[in-house]
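Below: one structure, written as structure tokens.
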Amino acid sequence: MLKKFGLNNTILVAKMEEALKSVLPITAIVFAVSFALVPVPAGALLAFVFGSILLIVGMGLFTIGADIAMTPIGQHIGSAVTRTRSLWFILLISFLVGSFITVSEPDLQVLAGQVPNIPNAAIIGSVALGVGLFLLIAMLRIFLAVRLQNILLVFYALIIVLAFFIPVDYIGVAFDSGGVTTGPMTVPFIMALGVGVAATRSDGGAQNDSFGLVAISSIGPILAVLILGLLYPAGGSEYTPVVVPDISDSQELWNLFAVEFPRFFHEIAISVLPIVLFFLAFQIFKLKLYGTEMIQITAGILYTYLGLVLFLTGVNVGFMPVGNYIGQLIGGLAHRWVIVPIGMVIGYFIVMAEPAVHVLNKQVVEITAGAIPKKAMSVSLSIGVSISVGLAMMRILTGLPLMWLIVPGYALALLLSFFVPPIFTAIAFDSGGVASGAMTATFLLPLAMGLCSAVGGNITQDAFGVVAMVAMTPLITIQLLGLLYARGASAAKDSAPRL
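Listed below in structure tokens is the structure:
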């Protein structure tokens, strides 16, 4: 019976194991830090453990829903849209898909909830419009066969110039929003849509152009929030410190979470509703799916909804407060610099378990027929993210402006694009988006905010930007991998015997 609804024991166990691997490294590091370095109240740790369990179950159900509902919906819509061969219709649907799917992205919900003085709706709405517009541009690029490098150069130059004219408080939030929008909800949907559209071209470069959609879609939120900074009065940068749970018994622990469930059931229903309505409209007029497939997609949407509720409840009530508190405690130590190596260890393990990273790695292996090994991709990403988190923590301790790292980092990434095969540039910029996923927004950002408040920094100027750093360094490390790959291929060609 469960198989009819897209769920069986094997799938359930695999997804829960994947979620466990995502959360377990952070949990282990938190316990190690709590026992060896800074004292965390037992009640707060208990809430953290319970929140971690909700996180694991929620992420597991969510990824099942993404597999049996979101990805098939993306594939069906992509196929139906491309069959029309109507450019304006494909662009319109791309805009709507990008906007609707972004609203439901859990990472964006988490980020928006942590930005002081800016309403969640203002951030989520502007980011959703940004993703929709730039997914439209990404599709147009595939049709016109425009080089990805040209798109990236133009728009990142525009971003850097615009960043000098907006309030400093918006810069970190803007670059962070570009990272969190390409998470486990968005990536499968966008990539499935892109593969379908790329298939409409018959030239040899069409398959390679199916990469780069995530990269271009990540630009939209950055520009949208920068423009929001010009139009919306932020009203300062006041920050409300996170309250650490004070729990004395099991009933208090349950009540701590129970009172938040109704709020998230309501909020997530509003977030998922646009996707559901969009799919229903396509189902009625275009798809006309019946039987088991329709039942599985319906069940998948329910898994996605329930998973998001559990995920966000666990994050907001149990997970984030402890991350913030540990950041505060370490920031108060005489040897507070220890946060740099701790952050680097966390960064290394976080990206190895991001669900969206696994989706990208699988696509890379399939598209390149194994020419780019999965292990090389994973190690390159892990090293890049480890370095970026270390730099982000060092920036908070020193008060270094974010632009001093972002500008040279993106300049180097764009410079490398002139020397590596185009496929590596596309994969690198896609990797930057997917590396900054759920664990970055739910733990690293609160950790950075706690550290920043302890050392007396400005939260919006100094703490925000950690997600942006995580999204930036893979652009460099993956392209360096491409440089090595290209040199190896050239050397092999030169050494081959000539007939």
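Heads up, the sequence shown is in the working numbering, so the first residue is 2 and it goes up one at a time. By construction, the Cβ of each residue, glycine as well, lies at the ideal position given by its N, Cα and C atoms.
Collapsed DSSP secondary structure at Phe280 in the structure displayed: helix
May I have the straight-line CA-CA distance separating Tyr1 from Arg142, to the nearest angstrom? Look at the range of the chain in this structure, 2 to 500, and you will see that residue 1 is not part of it.
Which of helix, strand or coil DSSP assigns to Arg86: coil
If contacts are defined as beta-carbon pairs under 8 Å, then Pro246 and Gly99 qualify, I think. What distance do you get, rounded to the angstrom? Not confirmed; about 37 Å, so no contact.
I'd like the list of long-range same chain contacts for Arg148, defined as Cβ closer than 8 Å, with 5 residues on each side in sequence excluded. Pro423
Since Ala442 and Pro475 should fall inside the 8 Å C-beta cutoff, what is the C-beta to C-beta distance between them, to a whole number of angstroms? With a Cβ gap of about 16 Å, Ala442 and Pro475 do not count as contacting.
Write down the C-beta distance between Gly52 and Val260 rounded to the nearest angstrom, noting that I regard them as a contact closer than 8 Å. Going by Cβ atoms, the distance from Gly52 to Val260 rounds to 14 Å, so no, they are not a contact pair.
If you draw a straight line from the alpha carbon of Ser23 to that of Ile347, how long is it in whole angstroms? 11 Å
Give the straight-line distance between the Cα atoms of Ala282 and Phe190, rounded to the nearest whole angstrom. Roughly 17 Å between the two C-alpha positions.
Output needed for Ser387: all residues of its chain with C-beta closer than 7 Å, excluding positions within five of it in sequence on either side, in chain order. Met345, Gly348 and Tyr349
Indicate the three-state DSSP secondary structure (helix, strand or coil) for Ala33 in the structure shown. Three-state DSSP puts Ala33 in a helix.
Just the C-alpha distance for Lys375 and Ser381, rounded to the nearest angstrom, thanks. 10 Å
Whole angstroms is fine: what's the gap from Ala15's alpha carbon to Gly308's? Computed Cα separation, rounded: 15 Å.
Pair within 8 Å by beta-carbon distance, Val39 and Ile327: Yes.
In chain order, each alpha helix (DSSP H) run of at least 4 residues that lies wholly inside the segment 83-135: 88-104 and 107-115
Contacts around His267, its chain only, beta-carbon distance under 8 Å, and the 5 residues preceding and following it disregarded: none
Counted within 10 angstroms of its Cβ, other Cβ atoms place Ala464 as buried (16 or more) or exposed: Flag for Ala464 reads buried.
Please classify Gly237 as buried or exposed, where buried requires at least 16 other C-beta atoms within 10 Å of its C-beta. Any reading at Gly237 is ruled out, since the residue's pLDDT is 47, under 50, leaving its predicted position unreliable.
Just the C-alpha distance for Ala20 and Val226, rounded to the nearest angstrom, thanks. C-alpha separation (whole angstroms): 31 Å.
Under a Cβ-count criterion, where at least 16 other Cβ atoms within 10 Å of its own Cβ denotes burial, should Pro257 be classed as buried or exposed? Note on identity: in this sequence residue 257 is Leu, with Pro being the wrong assignment. Buried is the call here.
Quick check on this structure: which residue in Ile269, Val196 and Gly483 has the alpha carbon closest to the alpha carbon of Met378? Gly483
Quick one: residues in its chain with C-beta nearer than 6 Å to the C-beta of Leu417, no 5 flanking neighbours on either side, listed in chain order? Exclusion of the five residues before and after Leu417 leaves Gln480 as the residues of its chain whose Cβ lies within less than 6 Å of its Cβ.
How would you label Ala33, buried or exposed, when you count the other beta carbons within 10 angstroms and need 16 or more for buried? exposed
Counted within 10 angstroms of its Cβ, other Cβ atoms place Glu106 as buried (16 or more) or exposed: buried
Count Cβ pairs between the segment 115-124 and the segment 88-97 that sit closer than 8 Å; are there 3 or more? With the cut-off at 8 Å, the segment 115-124 and the segment 88-97 do not touch.
Confirm, please, whether the CB-CB distance from Leu25 to Ser35 is below 8 Å. no
When Thr478, Ala393, Pro409 and Ile124 are compared against Val468, the one with the closest alpha-carbon: Ala393
From Val310, Phe312, Thr182 and Phe176, pick the residue whose C-alpha is nearest to that of Ile102; which is it? Thr182
By the DSSP assignment, the alpha helix (DSSP H) with Ile428 in it spans what residues? Here the alpha helix (DSSP H) through Ile428 covers Pro423 to Ala436.
Any heavy atom of the ligand SAM within a distance shorter than 7 Å of the CB on Val169? This structure does not include the ligand SAM; it has no bound ligands of any sort.
Would DSSP call Phe190 helix, strand or coil? helix
For Val358 and Leu401, what's the separation of their Cα atoms in angstroms? Leu401 has its alpha-carbon roughly 29 Å from the corresponding atom of Val358.
Three-state secondary structure (DSSP) at Ala67? helix
With DSSP run on the structure shown, which of helix, strand or coil describes Tyr1? With the chain running from 2 to 500 in the structure shown, residue 1 is simply not present.
Whole-angstrom distance between Leu55 and Leu330, CA atom to CA atom: 25 Å
Do you know how far the Cα of Leu13 is from the Cα of Gly230? Approximately 43 Å, taken between the alpha carbons.
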